[in-house]
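When the letters of the sequence shown are read in order and numbered with mature numbering (1 follows the signal peptide of the UniProt record, and there is no 0), they come out as residues -39 to -1, 1 to 465. The beta-carbon is built from N, C-alpha and C at its ideal position, and this holds for glycine as well.
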Amino acid sequence: MPLYSAAFQFHSNTPPNMRVALLPLLLLFTFLGAPPSNAIKVPLSARPREGGRVRRMDMLVGSTVLHGLGDIAYFCNISLGGIQHSAMIDTGSSDFWVTKTVTDSKVLKVHAEIDYAMDSASGPVQLANLMFDDLTILDQAYCMSAYLSSNTNANISLVQAKSSANLPADALIGLGPGSNSIIRLKLGNSTGDPPLDRIFGQTLSPKFISVLLDRKAYDDDGMSNSLEHTGQLTIGEFISGLEAVNNQPKLPALKDSGTGKPKHWQTTLDPDVSMLQIMFDMGFTFPQVPKEVADGIYGKVPGSVFAALGDNGIWTYPCDYELNVSLKLGGISYPVHSLDLGMPLPELDSNTCLATFQQRPGNFLDFADVDMILGAVFMHNTYTLVSFGDFVDGSSSNVSEPFIQLLSNTDVAGAHSDFVNLRLGGVDTTGTQAPLLPSIPRESRRSNENLSSESDGGDNSEAKWSVSIVVSIVALAVLGSIILYLIVSQLRSGYPCWQFGQHL
C-alpha cells in the first residue's frame, strides 16, 4: 500500500469562496470512430445484497450496523443453455460464473478459482450458449460455482451463493479487461474468452461499453431506496441523449508492466506528481479511499465520529450537515450528489449518517496497487464509457489504446435542493451551519491506538504518492462556498505509473 502523510493544509493561492476540487489527470484526446452497428442495450435493475457481497469493505469483523445497509448491486437478465439467469454486472472483474445448474452444457476437465477482494468463486469450467440481449454467443465459457466462499484473510464466514437470501443473483458477468480473465488463463486459448471479447469478436460494433446508474428516488428519511435504482448498459453504442460523453477527456487506462495489457479499468491521478491509481468498479457500492481522504472529507465536520472496525474504520457524521465534494479529472469537475456522501443510520438515531467514502482496508486481493476505488456511489454521478481499444482477443491491430471517459450528470444546484428537501425538511439552514473544524479532534478522529491521529511516520523519504482533494461546504445564495483544500502530499519514489504488483 502507498504511504501517505496526514498533513492537511489550506491552499493559499485560491480565494476561499472560489476553490474547486483538484484531482488532475493527464489526458489523451482521440475520437471513437465509426458509428455503432450490432450494438447491445441492456436495462439494469438494482437489488440489495444482504449477504454474499463481492468486494465490500463493510464486511469487516464487527460491522454489524452495516449489514446489508444500502448495499446494492446491479443486475440484468441473460439466458445460458436455455436457462434464465439474473446476472450481476461488475466492471471490476473479467470472468463469468453461475450458480444455477445448466443442463445443456459441455463440462471441461478444467477447474477455475476466481478471487475477489473479499470472496472467491470456484468450480469446473463449462461451455454453453449465452444469449445477451438479442445476441447469441455459442459455447461461451463460464465457471459453474456451487458456492461463493470468503477469502480467509477477510475473516468472515462462508457465504452460500446458492441461497437467494444471501446473494440476490445466480450469475456474475465481469466487464473488466479480458486479459485479467482466470478462465481464459486456465483454458489457454480463445475458447476461454469472456463474454465481452466474444461479443466484440462477432459484431462490427466499436469496442466500448457504457454504463449509466440512475438515482430514481429517495425515501422520506433521505435514504436511497435500492428498489428505485435502475441503470443501463450498452455495448458499442451511446445512450441516447448522452452522446456528449464522446467529447470528454479520454483518461488512459493503465497497463500491466508484464503483459502490456490492462488488468482493471484503472488510471492515474495527477501523473506529473503522484501517480495515484484510481479504479472504476460498480462491484463496490461504497468508494474505497485512503485513510487521509476519508479523514479529509468527514473528519472536520462538527459532530463527526470515527468508529474502528478491526484494523480499519468508518466515519459517521450529522445527516443535516451538507457536504459538497467534487473530483476534478482531466480538467473537468465531477460533483458528487450531497445525498451520496452519507447514508442515514436509523438504527442509531434520526440524524446520524454513515460516510460512504470509506477507508479502504489493506488486505484487498487483486487491488494492492489501487489507491482509490470509485464504486457505484460515485458512478451514480457520471455516465461512464470504457473503450477497450485493440486489447480484445482476436484484434488484428495494436494501434488503439484503451481509455475511460466520464460525463457528469449531477447538477450542484439540484443536489442542494434535494438535500434541503430530504435532510432539512424543506427549510434551507445550510447558510448557518457551523464551519468545518480547523483540525480533526483527537477524541472523534480515532477510536483506538491502531488508528492513531498522528502522521504515518516522521521519515517521508519512502513516501510514494501525493494527491490533492477538495472538500467544500456549500451554503448557496447565503454564504456562497466555503471550500477547504485537503492536500495530502509526499514525493513519489520513482517507478513508472504503469507498473503493477501481483494482483492474484
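Starting from F161, trace the alpha helix (DSSP H) in both directions and tell me its first and last residue. P156 to Q163
DSSP-derived helix/strand/coil call for V262: coil
Would I1 and I258 be called neighbours here (beta carbons separated by less than 8 Å)? no
C-alpha distance - L465 paired with M304, whole-angstrom precision: Annotation note: pLDDT 23 at L465 (below 50); position unreliable, coordinate value reported separately. When rounded, the distance between both Cα atoms is 32 Å.
Unbroken beta strand (DSSP E) run spanning I200, endpoints: Where I200 is concerned, there is no enclosing beta strand (DSSP E), given that its DSSP letter is neither H nor E.
Between which two residues does the alpha helix (DSSP H) containing N150 stretch? That residue, N150, is in no alpha helix (DSSP H); it is neither H nor E in DSSP.
Tell me the rounded alpha-carbon separation between L383 and L315. 16 Å
Taking the continuous alpha helix (DSSP H) assigned at G375, which residues delimit it? It spans V373 to R384 - the alpha helix (DSSP H) in which G375 sits, taken as one unbroken run.
Could you tell me the alpha carbon to alpha carbon distance between V338 and Q249, rounded to whole angstroms? The straight-line gap from Cα to Cα measures roughly 10 Å.
Where do the N-terminal and C-terminal ends of the beta strand (DSSP E) with A316 fall, by residue? T313 to A316
Can you give me the start and stop residues for the beta strand (DSSP E) that residue 502 sits inside? Coverage of the chain is limited to positions -39 through 465, which leaves residue 502 absent and any answer about it impossible.
For my contact list, A214 and T228 are in at a C-beta cut-off of 8 Å; report their separation, rounded to the angstrom. The C-beta separation of A214 from T228 comes to about 6 Å, placing the pair in contact by the 8 Å criterion.
For the candidate residues C104, M92 and G149, whose alpha-carbon lies nearest to that of L133? C104
Cα-Cα separation, G149 to E74: Their Cα atoms are separated by approximately 15 Å.
Take the Cβ of D372 as the centre, count every other Cβ of all protein chains shown within 10 Å, and call the residue buried at 16 or more, exposed below. With fewer than 16 other Cβ atoms within 10 Å, it is exposed.
Go to I275, then tell me how far its beta strand (DSSP E) extends in each direction, as first and last residue. N273 to P279
Which residues in the same chain have their Cβ closer than 7 Å to the Cβ of F380, if we skip the five residues on either side of it in sequence? E283, S299 and L300
Could you check what DSSP says for S47 in three-state terms: helix, strand or coil? strand
Cβ-based burial, L(-8) [other Cβ within 10 Å; buried from 16]: Here L(-8) scores only 35 on pLDDT, less than 50, and its place in the model should not be relied on; the value that follows carries that caveat. Answer is buried; the Cβ neighbour count reaches 16.
Got a sec, what are the start and stop residues for the beta strand (DSSP E) F94 sits in? First, the amino acid is wrong: residue 94 is Asp here, not Phe. Here D94 belongs to no beta strand (DSSP E), and DSSP marks it neither H nor E.
Rounded separation between Q101 and M92 - CA only: Roughly 10 Å separates the two Cα atoms.
CA-CA distance, F349 and Y295? 23 Å
Separation of D242 from L335, as counted between CA atoms: 6 Å
Rounded to a whole number of angstroms, what is the C-alpha to C-alpha distance between S287 and S47? 34 Å
Quick one: does the C-beta of F36 sit closer than 7 Å to a heavy atom of the ligand GTP? The ligand GTP is not part of this structure, which contains no ligands at all.
Hey, would you say P263 sits closer than 8 Å to A395, going by beta carbons? yes
Under 8 Å Cβ to Cβ from L146, same chain only, skipping five residues before and after it: list those, please. G153
Since Q394 is in the beta strand (DSSP E), which residue starts that stretch and which ends it? Run containing Q394: none; DSSP gives neither H nor E here.
Using CA coordinates, which residue listed in G291, I293, D281 and D310 is at the minimum distance from L302? It is D281.
Go through its chain and collect everything with a Cβ distance to D56's Cβ below 6 Å, but skip five positions before and after it. I75, G135, S142, I143 and I144
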